[in-house]
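Residue numbers (my numbering), protein chains in the order written: chain U, 1 to 487; chain C, 1001 to 1093; chain L, 2001 to 2473.
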Amino acid sequence: MNNVMIGLEVHVQLNKLKSKLFCGCSTDYQDEEPNTHTCPVCLGLPGALPVVNRKAVECGIKVALALNCEVLEQTLFYRKNYFYPDLPKGFQISQYDFPLAVNGKMSIETDRGEKIIRINRVHMEEDPARMIHEGGIQYSRHSLIDYNRSGMALLEIVTEPDLKSPKEARRFLDKLRSILEYLDVFNGDLEGAMRVDSNISLAGGDRAEVKNISSHKGVEKALSYEATRQKNLLRRNIKIIQETRHYDEERGITISMRTKEGEEDYRYFPEPDLPPMSVKSWTERLKDEIPELPDAKIRRFVEEYGVKENHARSLTSDIEIADYFETVCKSSICTIPRQKVVRRAREIDPNMAASWIVDVLKGELNYREMKIEGSPLTEDKTIKILKDLSSGKITEKNAVEIIREILDNGGDPEEIARRRGFGRLDRSETEILVKKVIEENPKVVEDYHKKKKRALNFLVGKVMALSKGKSAPKDVNELLEKYLCED
Amino acid sequence: MMDEENLKQIARLAKIELKEEEVKEFSPQIRSILALFDEIDEVETEDVKPTFHVFGLKNVFREDAASPSLAGEDAIKNAPKKERGYIKGPKIM
Amino acid sequence: MKNYFKDGIKGFRHFVEDGETEEATRRLIDKIKENRFNAYITVCEDAVERAREIDKNKGDGRLLGMPIAVKDNLSTRGVETTCASKILRGYVPPYDATVVERLKENGAIIVGKTNMDEFAMGTTTETSFFGSTRNPWDEDRVPGGSSGGSAAAVASGECIASLGTDTGGSVRCPASFCGISGIKPTYGFVSRYGLIAYSNSLECVGTMGSSIEDASLLLDVISGKDSRDSTSIDPTLYRRSSEKFGKIGVLTQFFDGVEEDVLKHVWNAIHKLEDLGIEYEEIDLPNLRYALSSYYIIAMSEASSNLARYDGVRYGLRGKDLAWDTTFSRIRAEGFGKEVKRRILMGTFSLSAGYYGKYYLKALKVRNLIIKDFEGAFRKRKLDAIVSPTMPYKPFKLGEKIEDPISMYLSDIYTVPVNLTGLPSVSIPCGFSEGLPIGIQLIGRAFDEETIINIAKIYEENTDHQKKVSGLL
Ligand SMILES: [Mg+2]
Ligand SMILES: [Zn+2]
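Below, the structure is given as C-alpha cells:
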C-alpha cells in the first residue's frame, strides 16, 4: 500500500474535567441512569445560554502545545448548523475560522523509522447526546436518547493526510492517547472517550470519509477494509466517488451513508452568545504545567537507566507503566542522589526490571485486561520479587508464578514463596538427594564408570526431579561428580 | 438569486416542508427581502472589522466546578415521547 | 369601584401596606380573564395565593406584592411558556429566567404571560398563534409589537408593570403605540438567561410601566451581571463619564417618511425640552440608511439557527414518527407560522455556502460602522442623548400591513439602530393625535441609562401625556 493517503479527525473527550464544556453538569455519568446529568444548557432548552469552562480551554492549550501547535491570538466559537436527533440545539458549538491552535506535528514510529505527521488544527467543541438503536441502527423503529453525554468537552485534532497505511493510523492514535494521558486531561478507558473520523484515498481517486469509529483497532480494520475496497474498484476501472461511509463494527465493513451531493451545508457563523477569546498569553504559564512527554522520556530512560530503546519505548507508551518502572528502579538507591555513578549501587538492574515489566508484567496485565494502576501488584512487591530473583532466592519460573498469583488473588510475595515451597535448596539439602539417587541407581552408576555420557545426564535429571527443580544445577553437577568419583 | 427551486433547496436545509402554495407565496416576498438585504452591497467595508460583540467583550469563563443538574423528572418531563428514562427520537435509517 | 392601578407602583404600595394585595390581585385576575384585549396567553393561577401570603406575612422587596406581567418568551418555572407559537404549546420550563428570578426575589407577583408576535418576530403582535392583541386606545388597531401584550396589559390596567423584550424595537414600539413608557437597556445590562432567543446579539429584556419611574424601578430590579449569561456585563466596568452637556441631537434623517402629526408632536417635545434648558442640534449619521438591511440580515441569520432546536424531540409539538428528517420537517412546517418561516428561510439562505461573506459577515462590518457613527456623534458633538420618533406612524389598523412584510420592516427604521449599537433607549408618550398615542425615543450612551431616564422624567413632570393613560385604567 504505497499510495494510500489517510487523514484523521480525532474527537477526544476531556473527561478528566469535573464539569461539561458549557454548563456545570458533572462529567461523572458513566454508570448513571440516562438523562440524570443534564440541565437547561446541555438539553438545549429554550433560553439557556452557554458559559465556557476555563479549564477546558487550558486543557486544549496543553494538548496543542504537546502537539507542537501554534496557539492563535484570537479564538472564536462558531455554530455548526445541522439537524440530527442527537443534537439538542440543531447546531453544535464548535470552532471554524479561528480555531484554538494550528500547524502542529507529532512523530510516530514506523517500520522504516521515525516519521512526522503534521497536525492541521486543534479545536474545541461540544459532544452531542448518545443514541441507542434497539435491534440495530438499520432496523430500530426509533432512537433512544441520553443527554448525559451532551455538552461534554471535546477536542478535535485534525491531521494532514500524512499517514500512509492503516497501521500508521493506529500507531498515531496509540501515541496520541499516550500523550493525552501524560497530560492528565483524558482517560481513554471510558466508553466513547475517543472517536475517529478518517479520510482515505488512493492516488487517482476521490476520498471517502469513514465516520465515528470508536476503537484504535476499529480504525485499522475499517481503513484496511476501505483501502482494499478502493483498490478493487480502481483495478476494475470504477471511479471512486467522494462520500461518507459508516463503519459497521460487527461485520467489519464500511457502508455508504451519503455522497457529496447530499453533503451538509453547515452555515457556520460565530456563536453570538460567547464573546471572543484571547488566550495565547496563557501558553507560558501552561507550558510549565506540561510534564515530560513520551519522546523525552524514552531518551531519558535510555540515557539514565541504560535500558534498550525498544524497552524504553514500550515502558513509556503508558505513563503508569513508565512511573512504575522508575519507582522500581529507584527503590534501592533512594538515599543516594541521582547521579550516573549511582547505577552501580542499584540492587535491581534497570535492564532486568525493564525486561520483566515489558516482557512479563505487561503481558500478564493485558491477558487479564488489568491496568497497573490499582492492581494488587504494587511497586514494593515487584521490587521484592526482583531482588529475590537477583540474589538467587527464587527461580525465574517462581517469579512468574508469584506475579500471576498476586494479580489474580493478591498476597505477599514472600508468603506465597513460602507457602508454595519456592526457592533454591541449599547445597547440603541437594547433597542428601544426590546420595539418595546414587544409592537407588547402582546400574546407572555402573554405566557412568563405563564412560557412558548419557548416564550422568540421567542422574542429574533424577536429582532435579526429586528437588522439584529447586536444586542449583551447579550444585547437582559438582556433587554428583564428587560422589561418583568416591564410589 | 432566489427562484422557486432555490427556495425549495433552502427549505430542505432549514427542515421546513413547504406546501406548493407557500412556495408561490414566499418566492416574491423573499425576493423583495433580498433586495433589502442587498442594499449593504454598496458599503465599502474592506478595512472594517466585523463586530463579534457589540462592546468588544472578551474572555468570559466559568471555573470547572460541578453544580447540580435538573432534579427528578424535570429533564424529560416536556418530552412528548419517552421510555425508561430515555427521550424517544425518530429513527435514523 | 376602587381603582388599584391608577397611580402605578407608588400608589399600589399603599394597598399592599394596608393588606389589600389579595383583593386587588383577585380583581386583576378576573379582569385579565375577561380577556378584552387578548393581552395574555397564560394566567398564573397561583397569583392570588401568593398575594394572600404577602398580606399575611408581609416581607420585603422593592416590588413586594406588585402584579407584574411577563412576556411569553421569558422562561417561568412551572408556567407554560410558548413564545406565542404552536410549536411550543404545552412547554413548561423547569427553570426561571434570571429576570423572573429577580422579580420574585423582590416580592413581585407574576400574574401571567403576555401575548407577543410569534418568537418576537413582528411589529404588531399579529403573528401570535393565539390571535392578535388589540390596542386599548382603539380595539381595531394593533398595540405594536412584538411585546404588544405586555404594553396593552399596562395600558389597560391588567398589570402594574411588565417585562418585554426588544430585538429591534419590540419594547419601544408597543410602548409608543400604547401610550406608556418602555426602556430598552444597554446590551448586556440585563441577563438574557432564560430569554428564548430570536436574535442573540441584538436582543435585550426591557421594562414597561405607565410612567418612566415605574419602568426604571423594574429595570433596577432585574439588571446586573449574571454569571449564566456570558454577554452580560458589570456596568461599573464600562460606564464612561457621566458628564452632562445639556444637549441632545435630533435624528432628522428619514423625517420625510414620518407621518405629519407624529413629527409635529416630536418637535413639540423637543421644543419643550429646550424650554427646560436642554439644547438640541440636528444630526445625520451617514451609515444609518444601512441599519435596516444589516439588522434584518443579522436577526434572520441568528434566528434561523436559534429556532433549529424546535424538532419535537425534547419538548413541544410532535407528529407521527417517520424517518427523522421527514419527522422534523413536518413538525416545523406545522408548528411555525408564516412570518417565522419566512425569517428562518431568509436566515438559512444568508448563511448558506457562498453567501456568509456577502450577508452575515458584511452586516457585522456595517454594524461596526453604525456603532462608530453613534460614538462619534455623542463624543464630538457632546450629546447627552439622541432623539427621534419611536415609530414613524401612529398605531395602524389590524391587518393593514401584515400581508406586506417589507412595509412592516420599514416601520422599524428608528428602533433597529439602537439594537445594532447596543445602546440604551427609552420611549415615552409625547402627545396624542386622533385619540392615538405618539411616542418619542431617547437614545443614550452605553450603560448611561440614567441620563435618558432623567431627561424622560423631567419631560414627564412638565407635561401631562403620561397621565392620560390612567384614564383608560
Ligand atoms: Mg467535529
Ligand atoms: Zn448541563
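Just so you know, even glycine gets a beta-carbon here, dropped at the ideal spot from N, CA and C.
What do you get for residue i, buried or exposed, if any count of 16 or more other CB atoms within 10 angstroms of its CB means buried?
i                : result
D2448 of chain L : buried
I336 of chain U  : Residue placement at I336 of chain U is flagged as unreliable, the pLDDT there being 40, under the threshold of 50; a coordinate-derived value is accordingly withheld.
I2453 of chain L : buried
S1067 of chain C : exposed
I2248 of chain L : buried
L144 of chain U  : buried
M194 of chain U  : buried
K80 of chain U   : buried
A465 of chain U  : exposed
N2106 of chain L : buried
C485 of chain U  : exposed
P291 of chain U  : exposed
If you draw a straight line from the C-alpha of residue i to the C-alpha of residue j, how long is it?
i                : j                : result
G2144 of chain L : K2071 of chain L : 14 Å
S2223 of chain L : Y2193 of chain L : 12 Å
G2357 of chain L : T1045 of chain C : 11 Å
F2152 of chain L : V2190 of chain L : As written in the sequence, residue 2152 of chain L is Ala, which differs from the Phe given in the question. Cα-Cα distance, rounded: 23 Å.
L2088 of chain L : G2316 of chain L : 4 Å
Y147 of chain U  : D295 of chain U  : 38 Å
N543 of chain U  : V307 of chain U  : As shown, chain U starts at 1 and ends at 487. That puts residue 543 of chain U outside it, with no answer to give.
A2039 of chain L : K16 of chain U   : 50 Å
D2220 of chain L : K2468 of chain L : 25 Å
S2232 of chain L : P272 of chain U  : 12 Å
L233 of chain U  : K239 of chain U  : 7 Å
R2102 of chain L : S2227 of chain L : 14 Å
V2262 of chain L : L2423 of chain L : 23 Å
I333 of chain U  : G60 of chain U   : For I333 of chain U, the predicted structure reports a pLDDT of 46, less than 50, and the residue's modelled location is therefore unreliable. The matter cannot be settled from this model.
V342 of chain U  : D323 of chain U  : The predicted position of V342 of chain U is uncertain, since its pLDDT is 41 and thus under 50; a value taken from the coordinates is nonetheless stated next. Taking the straight line from one Cα to the other gives about 19 Å.
S2427 of chain L : S2162 of chain L : 15 Å
T2125 of chain L : G252 of chain U  : 57 Å
M1 of chain U    : I116 of chain U  : Annotation note: pLDDT 46 at M1 of chain U (below 50); position unreliable, coordinate value reported separately. If you take the alpha carbons of M1 of chain U and I116 of chain U, they lie about 19 Å apart.
E134 of chain U  : S140 of chain U  : 5 Å
D2404 of chain L : E1025 of chain C : 11 Å
L76 of chain U   : S281 of chain U  : 16 Å
L514 of chain U  : N2073 of chain L : The structure shown has nothing for residue 514 of chain U, since chain U only spans 1 to 487.
A345 of chain U  : E431 of chain U  : Below a pLDDT of 50, predicted positions are generally treated as unreliable, and A345 of chain U, at 48, falls in that range; no measurement from the model is reported.
For residue i versus residue j, is the C-beta distance shorter than 8 Å?
i                : j                : result
V2250 of chain L : E2282 of chain L : yes
I2180 of chain L : G2209 of chain L : yes
H2265 of chain L : G2090 of chain L : no
Y2393 of chain L : S2301 of chain L : no
I2109 of chain L : P2174 of chain L : no
R2445 of chain L : L2217 of chain L : no
P2136 of chain L : L2472 of chain L : yes
G188 of chain U  : R177 of chain U  : yes
E1004 of chain C : S1032 of chain C : no
S467 of chain U  : L425 of chain U  : yes
T27 of chain U   : S1069 of chain C : no
T283 of chain U  : F301 of chain U  : no
Any heavy atom of ligand 1 closer than 7 Å to the beta-carbon of residue i?
i                : result
H11 of chain U   : yes
E125 of chain U  : yes
E271 of chain U  : no
E264 of chain U  : no
E1025 of chain C : no
E250 of chain U  : no
E156 of chain U  : yes
Looking at ligand 3, does it come within less than 7 Å of residue i, judged from the CB to the closest heavy atom?
i              : result
S94 of chain U : As presented, the structure is devoid of ligand 3, carrying ligand 1 and ligand 2 as its sole ligands.
Give every residue whose Cβ lies closer than 5 Å to any heavy atom of ligand 2, listed in chain order.
Output, sorted by chain position: U:C23, U:C25, U:C39, U:V41 and U:C42.
Which residues, taken in chain order from the region 2091-2117 of chain L, show a beta carbon closer than 9 Å to some beta carbon of chain D?
Among the protein chains of the structure shown, namely U, C and L, there is no chain D.
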